[in-house]
Structure formats: structure tokens, C-alpha cells
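According to the numbering used here, the stretch in the sequence shown is residues 8 to 79, in order.
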Amino acid sequence: MGNNLLQVLQEQQKIIEQQSRLIVDLTATLENWESVAGYDGAELKERALNLQKQKGRIYGNEDFGIYQHGGK
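Next comes the structure, spelled out in C-alpha cells:
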């Protein structure tokens, strides 16, 4: 049983390492896309929130970054 547990833990560690590499690759890809397209992710997020607020779809506390759906 000890060997089985060790094997499972090793397999989980491999999966975690693979997922970590995928996340790093995905982040790099997204940053590259932003750069190539001339977009700023933070700016786009802010513009999207402002647009939603203008349409009355969300309300929130900007100081704490808390937003809730307005029910529309």
C-alpha cells in the first residue's frame, strides 16, 4: 500500500508540474497577444467595467474592487 500511495503522489506531482508549465505558457501567450495587438489587459478590463456600469448591469465598491451583477 505504501508503494501505491507513493506512486499516486508522484503522478500527482507530475500533473501539477505539467499544469504549472501550461499556465506559464498560457500567460506568456496572452501577454504576447496583448503586445502584438496593442492591447493593455488592465485597460480593457477597466473599459469593460465602465461600460457595464453605464448600462446599469453592475454596481460595486471600486475602492475594494468588489462588483456585483445588478440583475439585468
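We treat Cβ as the ideally placed atom computed from N, Cα and C, and that holds for glycine.
Asked                                                                                                                : Found
Using DSSP with H/G/I as helix, E/B as strand and the rest coil, what is Asp-47?                                     : coil
Using the Cα positions of Val-15 and Glu-24, report the straight-line distance between them to the nearest angstrom. : 14 Å
Taking just the CA atoms, how far does Leu-51 sit from Glu-41?                                                       : 10 Å
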